[in-house]
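Colleague: Residue numbers (this note's numbering), protein chains in the order written: chain E, 1039 to 1200; chain W, 271 to 430; chain H, 7 to 395. Here it is: the structure, laid out below.
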Amino acid sequence: MTTEKTAEKKPEYIKVDIARPRAYRWSSGRHLGKLYREALDNKRLVTNRCPKCKELLWPPAGACGRCNVEAGEDWVAMSDKGTVIQYTYLVFPLWDPHYGDRLANPYPTATIKLDEGVFLVHFLEEKDPEKLKKVKRVQAIWKEEGRGRGLADILYFRTIDE
Amino acid sequence: MAELMADRVEKLKDLDVFVYHGKIYIPNTYTAGAVGSQFLIELRDNKRIMGTKCPACDLVYVPARSVCKYCFAQLDQWVEVSDIGTLQTYTVAGQRNGVQPVDPPIIYGIIQLDGATTGLVHMLSEVDFEKLVIGMRVKAVFSEKRVGSILDIKYFKPLA
Amino acid sequence: MGNRVAIVGIGQTYHKSNRKDVNQQEMVGEAVRAALADAQMKAKDIEAVFTANMETFENIFLPDEMMADEMAAFMKPGLKVGTGGTSGASVVEEGFHFVASGLFDTALVIGFEKQDCGDTTAAITAAVTPVWGKGVATGAIGEFAKQALTYMEKSGAKEEHAAMVRLKADKGACRNPYAHLRLGLKSIKEVLDSGYLVWPLRFLDFCPQSVGACALILASEHKAKKIAKKPVWIADVITVHQEPFRAGSFGDPTGKEEYTQDIAADRLYKRNGITNPIKDICMAEIYEPSNWEEMSHYEHLHFCPKNEGWKMVEKGITEMEGAFPVNPSGGVIATNPIGATPTIRVAEAALQVRGDAGEHQVTRDVHTALATALGGPNWTVATLLRRSL
């Protein structure tokens, strides 16, 4: 609880700071569950394909929103190599509600198109802004321990020469 | 912070479904506003319980409010109400929920203070739950250390 | 098509960074009283009340429950509307539908957000799937940053063009007493010197977090004609939703996706006989979270051909004195209390139609105005206002 007292005759306004993490228990469901299972056990990204439009859904889902049909179980393992479509990096720290930390500079993230796969947003290993401009081909680097969190099982994408 | 935010993954037996136990932490602030602040400051500095009066509807809101919900008038008339009132109803909370001001069991009551039209929700103490009766007269007990919070009133106790 | 509905009352708070002198409920009360005063109506004349707010920002769950008194809603019907960033426009649409149905004569619609009470970026970052996007989201800002970079690469726009948009917005904001950021910016250099937030977005390229509320009173035709000297008719409202793009929420680098802005504009213009938008419509208040997005929206809303939004800026077409003014109020980049922002776009467009925008009234006569809203993922709500139907 904080109060603000300002000099003479200025009104005092009371405010209450609330800093309480809220717990949740989130069920992945079957489709994301399969993604997490494959990431955990086999260090690979899988997703399903819409039977009608043949596009890969991302994330894997029960229905294709564009076709309004059930997505089915046509599962595909995707390459862990891709091309950077666009990137950005933090200069001013942001607050991350998931870990209660300040996300520090530079924290580079990018939209990456996986080879014959989908677009996903993830970190880049490269932190130098000048070098970031030239990053084109990247490959996923998986965590060796502590997997089971789906996309977060990939540590970041490393620049590769190709 | 890391321990506070620690997450864990639970794999459901025989099903390819994971349950993710995590936490979201978005700090925020609540501003009491001018009217709310004045109410709390009176508790803190003067051990006085104040309400705002709507003269057109002849009623007194405690805690103080800025507008009358019936006639939409903006309220700027402050009146002091008594620290003694009548118990309108009560209950006891036995379960812990992480946001309680004191440890359970907690007796909550709605008290209509003399001079107020509304009831005030607060805690009751120095009384056995079995001895509570609707219509009982109760009196506010103020905290020694007051900070500008509804808990500057520690609880209400039966008038001897 | 429904009965005719007009805006007969407009009210907003003076938008600021901080309002410790009021709580969320009292802030809404200010906007409501301003709208009632503008309409010369009493609280009892309002038949239904609708609110829009993004709860996670203030962490006040069911805010409408706690402000029934301040929003003249005691013992009345109404709803709280939540469509992400477009909530403030969807609430106008909701009120419009109630009155257009013929079942209600008046409705009060309110958008509000008290962002000094929360952490907006944290809240938006938290809006991703709990595990899914965890740790890789940078809130909306990260997405808009990538948008800006893509726009620069594809259209040939330069940082100077984005800076010109920022200057235009500030000029308008300085003439709008309700606007939040009124900086008195003098030069492109000032904008370019403002330091990076998320590269390549600078501090001045992106909207602030504001505290404010905006209320509109809607009335049926027969009521409006009786009580309002200058009713502003809601000719049409259109909402277009979609899934997130396959390659990100706000921008599509693949070039294959359809934008809701294009679709909303196509449908709205067709339904209302608009064939040359910048001639048939007199001005627009669009929802531009960044100056880069503004240029991109000119294209999506068909004000100009693809990749030429920055040319409109260069030629001064969208300035207050220009042939097609856009955001003379200062826009979102000057004032952004998120729940209220889309409502403010409609309110500001309505003020222009009424000729009541004071110092930020545009030079061109406004008989038709467009107000748009943007929400994640890239949803659009577009409202068309007319002086007469």
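Even for Gly, the Cβ is constructed at its ideal location relative to N, Cα and C.
Could you spell out where the alpha helix (DSSP H) holding H1069(E) opens and where it closes?
Modeller: That run of the alpha helix (DSSP H) goes G1067 to N1080.
Colleague: S1117(E) by DSSP, collapsed to three states: which one?
Modeller: DSSP places S1117(E) in coil when its eight states are reduced to three.
Colleague: Give me the Cβ distance between V105(H) and A58(H), rounded to the nearest whole Å; I'm assuming they're in contact under 8 Å.
Modeller: Contact flag wrong, Cβ pair sits at about 17 Å.
Colleague: So S96(H) is in the alpha helix (DSSP H); what residue range does that whole segment cover?
Modeller: S93 to A106 is the span of the alpha helix (DSSP H), which, as asked, contains S96(H).
Colleague: Which residues in chain E have a C-beta closer than 8 Å to the C-beta of P259(H)? List them in chain order.
Modeller: Here the neighbours are I1123, Q1124 and T1149.
Colleague: Starting from V319(H) and walking both ways along the alpha helix (DSSP H), at which residues does that stretch end?
Modeller: Per DSSP, V319(H) belongs to the alpha helix (DSSP H) from G315 to E320.
Colleague: Exposed or buried, which one is E299(H) when buried takes at least 16 other CB atoms within 10 Å?
Modeller: Buried, because 16 or more other Cβ atoms sit within 10 Å of the Cβ of E299(H).
Colleague: So which residues of chain W does E1050(E) contact, with C-beta pairs closer than 9 Å?
Modeller: Ordered by position in chain W, the residues that pass the 9 Å Cβ test against E1050(E) are S307, Q308, I311 and G418.
Colleague: In angstroms with no decimal places, state the Cα-to-Cα distance between I323(H) and Y1125(E).
Modeller: Distance between the alpha carbons of I323(H) and Y1125(E) is about 32 Å.
Colleague: Return the first residue and the last residue of the beta strand (DSSP E) that Q267(H) is part of.
Modeller: Not the beta strand (DSSP E): Q267(H) falls in the alpha helix (DSSP H), residues T266 to R277.
Colleague: For T1041(E), collect the residues of the same chain with a Cβ closer than 7 Å to its Cβ; drop the 5 residues on either side in sequence, then sort them by chain order.
Modeller: With a pLDDT of 47 at T1041(E), under the threshold of 50, the predicted position of this residue should be treated as unreliable, though the coordinate-derived value follows. The residues are E1050 and I1052.
Colleague: Quickly, what does DSSP pair T378(H) with across the bridge? List them, please.
Modeller: Answer by DSSP bridge pairing, in chain order: A388(H).
Colleague: Give me the chain W residues within the contact set of I1056(E), using Cβ-Cβ distance strictly less than 9 Å, ordered along the chain.
Modeller: Chain W residues near I1056(E): P297, N298, T299 and Y300.
Colleague: Between the alpha carbons of V217(H) and C123(H), how many angstroms are there, rounded?
Modeller: Rounded to whole angstroms, V217(H) to C123(H) spans 9 Å at the Cα level.
Colleague: By the three-class DSSP mapping on this structure, what secondary structure does Q367(H) have?
Modeller: DSSP places Q367(H) in coil when its eight states are reduced to three.
Colleague: Hey, how far is the Cα of A1148(E) from the Cα of S226(H)?
Modeller: A1148(E) and S226(H): Cα-Cα distance of roughly 50 Å.
Colleague: Does the stretch 169–186 of chain H come close enough to the stretch 1152–1165 of chain E that 3 or more CB-CB pairs lie under 8 Å?
Modeller: Short answer: they don't touch.
Colleague: Suppose the cutoff is 6 Å on Cβ atoms and the five residues either side in sequence are ignored; what does the same chain contact list for A43(H) look like?
Modeller: Here the set comprises nothing.
Colleague: So which of E354(H), F209(H) and T260(H) has the shortest CA-CA distance to N297(H)?
Modeller: Looking at the Cα atoms, F209(H) is the closest of the given residues.
Colleague: I'd like to know whether the C-beta of I13(H) is nearer than 8 Å to at least one C-beta of chain E.
Modeller: Closer than 8 Å: no.
Colleague: I'd like to know whether the C-beta of K281(W) is nearer than 8 Å to at least one C-beta of chain H.
Modeller: No, K281(W) lies away from the interface with chain H (no Cβ there is under 8 Å from its Cβ).
Colleague: Which class does R278(W) belong to by DSSP, given the choice of helix, strand or coil?
Modeller: Note: R278(W) maps to strand in three-state DSSP.
Colleague: Measuring CB to CB, does G385(W) end up less than 8 Å from L310(W)?
Modeller: Cβ distance not < 8 Å, so G385(W) and L310(W) don't count as in contact.
Colleague: Please say whether G1067(E) and P1089(E) have beta carbons closer to each other than 8 Å?
Modeller: Against a cut-off of 8 Å, the Cβ pair of G1067(E) and P1089(E) comes out as no contact.
Colleague: From the beta carbon of F80(H), is the nearest beta carbon of chain W less than 8 Å away?
Modeller: For F80(H), the answer is yes, since a Cβ of chain W falls inside 8 Å of its Cβ.
Colleague: Roughly how far, in whole angstroms, is the beta-carbon of W1113(E) from the beta-carbon of N1080(E), given that I think they are within contact range, below 8 Å?
Modeller: Not really, about 12 Å apart at Cβ, beyond 8 Å.
Colleague: Less than 8 Å between the C-beta atoms of P206(H) and L187(H), yes or no?
Modeller: In this structure, L187(H) does not lie closer than 8 Å to P206(H) by Cβ.
Colleague: Using a Cβ-Cβ distance cut-off of 8 Å, determine whether V338(H) contacts chain W.
Modeller: No, because no Cβ of chain W sits closer than 8 Å to the Cβ of V338(H).
Colleague: Between the C-alpha atoms of E1164(E) and D373(W), what's the straight-line distance to the nearest angstrom?
Modeller: One C-alpha to the other measures close to 51 Å.
Colleague: Which residues in chain C have a C-beta closer than 7 Å to the C-beta of A304(W)? List them in chain order.
Modeller: As a matter of chain content, chain C is missing from the structure shown, whose protein chains are E, W and H.
Colleague: Taking the beta strand (DSSP E) that N298(W) falls in, what are its first and last residues?
Modeller: N298 to T301 is the extent of the beta strand (DSSP E) around N298(W).
Colleague: Would you mind sorting M1116(E) into buried or exposed? The rule is 16 or more other CB atoms within 10 Å of its CB.
Modeller: With 16 or more Cβ atoms within 10 Å of its Cβ, M1116(E) is classed as buried.
Colleague: Which same chain residues end up closer than 7 Å to Y295(W) when comparing Cβ atoms and leaving out the 5 residues on each side of it in sequence?
Modeller: Excluding sequence neighbours, Y295(W) sits near M275.
Colleague: What whole-angstrom Cβ distance do I292(H) and T374(H) have, given they're in contact under 8 Å?
Modeller: With 8 Å as the limit, I292(H) and T374(H) do not qualify as a contact, their Cβ atoms being about 15 Å apart.
Colleague: For M320(W), write down the residues that DSSP places opposite it in a beta bridge.
Modeller: Answer is E350(W).
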